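Using this note's numbering, the first residue of the sequence shown is number 7, and each one after it goes up by one.
Even for Gly, the Cβ is constructed at its ideal location relative to N, Cα and C.
Just so it is clear, the structure is predicted and the values come from calculations on it, not from any experiment.
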Amino acid sequence: MPEGIFYKRKDQEEYLPTLPREAFAGLMLAVFFTQACVFVNIDLMNGLRGPFWWVLGKGAVFGLTGALSLLATRNQKRFFAIAALAIALILLSVFTRIDSGLAPKIELGRPAQQGIEWRVAMDGTISLIALSLGYVLFFRSMVSQGIKHVRTRAELALAEQVQHALASPLATRSAGYEVQGRSEPSSQMGGDLLDAVDDAAGMAVYVGDVAGHGIQAGVFMAMVKSSVRTALLRSEALAGLFDDLNRVLFEVKTTPAAYVTFASLRCGENGRVEYSLAGSGPILHYRAQSMTTTQLAMEQFPLGLFASARFQSGVVEIEPGDILAMFTDGLPETTNAYDEQFGLDRI
């Protein structure tokens, strides 16, 4: 079956809780009015069997059962949703039995004909009003959520463009070093940064991960990248550069919870590489001569989290063929179907 037409129940259970209360209340009323008019139509089909108050009572109970079933589905109470449907089926059977006892004996004649005409007119009027209300409420809920969906899609499209501009693939050579980098976001706005900047001392490379997603995180990413590029053009030690970046990002961040995990290398002459990490996982150093891998790690706060945080840097000597690998937590912490993390060993 086409996936876009026939949705799984899981998709429905995930969608309903996202509806605002006002939209969901309108949806419940739409279900109530639509299902309530079922028994009014059944009354017409069965030849007006039973008192008019009994028909209205059955419709109200049946409509309420449908609305409560929808509410149970929204709250992920599958048992109560199934129970509501079961009750609705039981009520149909019980109402059928009661109908036979309440069925009036219609005698021919002018008074009876007038009563039938009134009853048919009332059934038709109530059915028309209930269906109209149900349609209006369904349409209102659909349009309001459709507008919200269009806005969200536009925001995601813009976020995807920002992501591509800020974290485009890297493939460059400079000062005897080769840099390869790539970001694969799990959504349109992943929050990852990667960049390489040539300076007087050689070449500086960094990866960063901005907390959060969406346009707000994208704006912060843009501020981070411009700040980092400006700072890297000054050929100073990474520790002082991190101190300056931390103060700037703390002052310009849009929310108190915003921060950036960061790892950077400054590649100098004769294989001398300075490194520093801020809240990031270790840098992996693969030594080609011995075919072994060591971890370059530092316990330091992320950038922008605390204004008074101070940072340090280290130095490592590398040889031709060595590899220094930097990555964000999205790689080692990604999980498979068994909730098993990819981990550093596989990297």
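Taking 7 Å as the cut-off, decide whether the C-beta atoms of residue i and residue j are in contact.
{"i": "Gly-320", "j": "Phe-268", "result": "no"}
{"i": "Tyr-344", "j": "Gly-310", "result": "no"}
{"i": "Thr-340", "j": "Phe-333", "result": "no"}
{"i": "Cys-43", "j": "Ser-189", "result": "no"}
{"i": "Asp-198", "j": "Ala-173", "result": "yes"}
{"i": "Ser-270", "j": "Leu-302", "result": "no"}
{"i": "Met-128", "j": "Leu-76", "result": "no"}
{"i": "Ala-294", "j": "Asp-335", "result": "no"}
{"i": "Ala-331", "j": "Pro-308", "result": "no"}
{"i": "Leu-139", "j": "Phe-58", "result": "no"}
What residue range does the alpha helix (DSSP H) around residue i cover?
{"i": "Glu-257", "result": "244-258"}
{"i": "Thr-300", "result": "Run containing Thr-300: none in the alpha helix (DSSP H); it sits in the beta strand (DSSP E), 298-302."}
{"i": "Leu-76", "result": "58-80"}
{"i": "Arg-240", "result": "Counting along the chain, Arg-240 falls outside any alpha helix (DSSP H), and DSSP gives it neither H nor E."}
{"i": "Leu-350", "result": "349-352"}
Figure out for me which residue from the options has the closest Cα to the Cα of residue i.
{"i": "Ile-96", "options": "Phe-68, Lys-231, Asn-81 and Arg-235", "result": "Phe-68"}
{"i": "Leu-62", "options": "Leu-76, Glu-257 and Gln-41", "result": "Gln-41"}
{"i": "Ala-31", "options": "Ala-66, Leu-143, Ile-135 and Val-225", "result": "Leu-143"}
{"i": "Ala-36", "options": "Ala-73, Trp-60 and Lys-64", "result": "Ala-73"}
{"i": "Gln-222", "options": "Pro-191, Thr-261, Ser-314 and Pro-338", "result": "Thr-261"}
{"i": "Leu-337", "options": "Pro-26, Pro-191, Pro-175 and Ala-163", "result": "Pro-191"}
{"i": "Val-46", "options": "Val-234, Arg-27, Ala-181 and Val-126", "result": "Val-126"}
{"i": "Pro-26", "options": "Arg-80, Ile-353 and Lys-64", "result": "Arg-80"}
{"i": "Pro-23", "options": "Ser-233, Ala-78, Val-185 and Ala-66", "result": "Ala-78"}
{"i": "Tyr-281", "options": "Glu-242, Glu-184, Lys-259 and Asp-49", "result": "Glu-242"}
{"i": "Ala-1", "options": "Glu-166, Trp-124 and Ala-66", "result": "Because the chain in this structure spans residues 7 to 353, residue 1 falls outside the shown range and cannot be described."}
{"i": "Arg-278", "options": "Tyr-183, Asp-49 and Trp-60", "result": "Tyr-183"}
{"i": "Asp-351", "options": "Ala-313, Gln-306 and Thr-300", "result": "Thr-300"}
{"i": "Gly-224", "options": "Lys-64, His-170 and Pro-175", "result": "His-170"}
{"i": "Glu-257", "options": "Glu-166, Lys-64, Trp-60 and Phe-312", "result": "Phe-312"}
Between residue i and residue j, how many whole angstroms is the CB-CB distance? I'm expecting something under 8 Å.
{"i": "Phe-317", "j": "Asp-205", "result": "Contact flag wrong, Cβ pair sits at about 19 Å."}
{"i": "Val-203", "j": "Leu-239", "result": "7 Å"}
{"i": "Gly-187", "j": "Leu-200", "result": "4 Å"}
{"i": "Thr-71", "j": "Ile-93", "result": "6 Å"}
{"i": "Ala-217", "j": "Ala-263", "result": "7 Å"}
{"i": "Cys-273", "j": "Ala-163", "result": "Not a contact, Cβ separation roughly 36 Å."}
Taking the beta strand (DSSP E) that residue i belongs to, which residues open and close that run?
{"i": "Leu-309", "result": "From DSSP, Leu-309 is part of no beta strand (DSSP E); its letter is neither H nor E."}
{"i": "Asp-198", "result": "198-205"}
{"i": "Tyr-212", "result": "208-216"}
{"i": "Ser-189", "result": "Run containing Ser-189: none; DSSP gives neither H nor E here."}
{"i": "Ser-282", "result": "278-284"}
{"i": "Ser-270", "result": "266-273"}
{"i": "Tyr-292", "result": "289-293"}
{"i": "Gly-320", "result": "320-323"}
{"i": "Ala-331", "result": "329-331"}
{"i": "Thr-4", "result": "No information on residue 4 is available, as it lies outside the stretch 7 to 353 that the chain covers here."}
Contact criterion: CB-CB distance below 7 Å. Does residue i meet it with respect to chain C?
{"i": "Val-126", "result": "Here chain C cannot be found, since the structure has a single protein chain."}
Kindly examine the ligand COA and report whether one of its heavy atoms sits closer than 6 Å to the Cβ of residue i.
{"i": "Ser-296", "result": "Absence of the ligand COA from the depicted structure is noted, as is the absence of any ligand whatsoever, leaving it without description."}
Margin query: Three or more C-beta pairs under 8 Å: does that hold for the segment 286-295 against the segment 253-261?
Written below: Taking 8 Å as the limit for Cβ pairs, the verdict is that the segment 253-261 does not touch the segment 286-295.
Notebook entry, point to check: Does the segment 321-328 come close enough to the segment 222-242 to have 3 or more Cβ pairs within less than 8 Å?
Noted result: No, the segment 321-328 does not touch the segment 222-242.
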